[in-house]
């Protein structure tokens, strides 16, 4: 099916989100919509999907004008959409979520057998390996995304919109999604791939359209240089590599010994972790998600209940302290999931910027808030971090993901720190904002603050880190220099010891050699 958008315009108050946008997606192609966070990409697709009504312009399918009063009309016309924040009911099963809204019935009752069969058929076709009776909230993020894709395909979608589909995926899950996209394209499905990740665009797109500040500013071939694409997105030259001075580490500020965490079922999720972090250095924590990184950062913050071992911050034991006490000790924290753990969606930008500081001067005193000081701080942070918002009084939920992340980072770095911890600091953030946020992290290091960065993005780990600790199955597998070979790091993330990984790479191995991962010296 051919999709054409002609002169689509969408306005919110005085803000023009889409300004006369033209776009053509040919049958059986992957068309990437590339742009910064807040550029208008998601708004445009929400217009296409019937979630927003356009203020101007026209939508055509196979050269015929169409109008959608809601998502139901779009789905019936053959359009499916997988949103960045999944539209799933967590306590429902996979099968129940897939048929929600168009439930098959038999004798007036829900026909779950048909729903299960639909899930199995589509899963087998694409190698999804999903259990129709699995509870969605118990599935990893990558599997939940596949549920969303099955939902769209079960309704015979000929055009599939994927809105920032890799924002919450591990590198391995991203590779699997790319393979799924290619298979869908080869079977005739048209895909609109919304993203800001240049490497992914070059890997999978057939054509690229770039949007900046609500307007189409150009198109490009996937063979285009990454620097060229970045400049087109941002409207200026962007440094894709971080130029930083060597670290000048001081004394040890954080000392972790024998840190062990068990979950409510008694399973050990963090097993005897030892770490030292010095003032003025960045320690990167690398690893495939789910190997204890979350438990480590939460234990440091006092968010885990069943903790054994020692955490000395500036010589003071903080195991057993509350999260508020840890934050008051000068720990700045950026959680891995900003939506659930870092922001209050209905609160304003200004209110979110002082969530962990509102009890102290100059923002609060006793039970009263100093609204003028809060607003002044918000205006300063919005200006300093280039947050795209109409007003500091706007609900933070109205901001794009990247601008929300800037709010979280500005709050964490907005005071003098004894330790800065950032988990997935640029997840869902565009290339221009990544450059800015990376520089802020290094600036904090250069002030003498000890910094811990947790990321599943190897590029990010290698660019920021002075030393890298690799986690595997709840333990630190090894600590290596920040300039360690990427393939050595990749093999360590698969379970190799430092020595075994270096030996394997010296022999010509790479992280894509699955046979090596199966047969190598694994802890």
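Numbering (full-length UniProt numbering), first residue to last: 1 to 523.
Built from N, CA and C at the ideal position, the CB exists for glycine as well.
- The beta strand (DSSP E) runs of length 3 or more contained entirely in the stretch 209-246 are, from start to end of the chain, 215-220.
- With 16 or more other Cβ atoms inside 10 Å of its own Cβ, residue 193 counts as buried.
- The stretch 370-387 and the stretch 409-429 touch, with no fewer than 3 CB-CB distances between them shorter than 8 Å.
- The criterion of a C-beta distance shorter than 8 Å is satisfied by residue 471 and residue 285.
- Contact annotation: residue 278 and residue 425 have beta-carbon atoms that are not nearer than 8 Å.
- For residue 18, the enclosing beta strand (DSSP E) stretches over residues 15-25.
- Residue pairing for residue 81: DSSP places it in a beta bridge opposite 161.
- Residue 274 and residue 216 have their alpha carbons spaced roughly 51 Å apart.
- Short of 7 Å from the beta carbon of residue 165, and not among the five residues preceding or following it, lie these beta carbons of its own chain, in chain order: 82, 145 and 177.
- If you ignore the 5 residues before and after residue 484, its C-beta comes within less than 8 Å of the C-beta of 462 and 468, all in its own chain and listed in chain order.
- DSSP places residue 463 within a helical segment (H, G or I) once states are collapsed to three.
- DSSP, reduced to helix, strand and coil, places residue 328 within a helical segment of the structure shown.
- Judged by their CB atoms, residue 47 and residue 10 are nearer to each other than the 8 Å cut-off.
- Within the stretch 364-436, the complete alpha helix (DSSP H) runs of at least 4 residues fall at 371-384 and 401-412.
- Short of 8 Å from the beta carbon of residue 212, and not among the five residues preceding or following it, lie these beta carbons of its own chain, in chain order: 35, 36, 39, 232, 233, 234 and 235.
- Burial check for residue 214: the Cβ neighbour count within 10 Å reaches 16 or more, so the residue is buried.
- Three or more beta-carbon pairs separated by less than 8 Å link the stretch 451-458 to the stretch 414-424, which places the two stretches in contact.
- Comparing alpha-carbon positions, the option among 493, 487, 61 and 101 lying closest to residue 507 turns out to be 487.
- The beta carbon of residue 323 is closer than 8 Å to those of 301, 302 and 303 in its chain, skipping five residues each way along the sequence.
- Pairing residue 292 with residue 492, the inter-Cα distance amounts to about 15 Å.
- For residue 342, no beta strand (DSSP E) encloses it, and the DSSP letter there is neither H nor E.
- For residue 135, no alpha helix (DSSP H) segment is defined, and its DSSP state is neither H nor E.
- Taking the Cα of residue 44 as reference, the smallest distance to any Cα among 15, 150 and 5 is reached at 5.
- With a threshold of 16 other beta carbon atoms within 10 Å, residue 358 falls short and is exposed.
- Nearest neighbour of residue 173 by Cα position, chosen from 307, 92 and 128, turns out to be 128.
- Looking at the backbone, the Cα of residue 19 and that of residue 12 are separated by about 12 Å.
- Rounded to whole angstroms, the separation of the alpha carbons of residue 8 and residue 27 is 20 Å.
- Each of 191, 75 and 437 was checked against the Cα of residue 460, and the nearest Cα belongs to 437.
- For residue 199, there is no enclosing beta strand (DSSP E); the residue is found in the alpha helix (DSSP H) stretching over 198-204.
- The distance from the Cβ of residue 259 to that of residue 309 is about 4 Å, consistent with a contact at the 8 Å cut-off.
- Here DSSP, grouped into helix, strand and coil, assigns residue 10 to strand.
- DSSP places residue 193 in the strand class (E or B) of the three-state scheme.
- Going by beta carbons, residue 89 and residue 136 fall inside the 8 Å limit.
- Beta-bridge partners of residue 58 (DSSP): 6.
- The three-state reading of DSSP puts residue 274 in strand, counting E and B together.
- DSSP places residue 268 in the strand class (E or B) of the three-state scheme.
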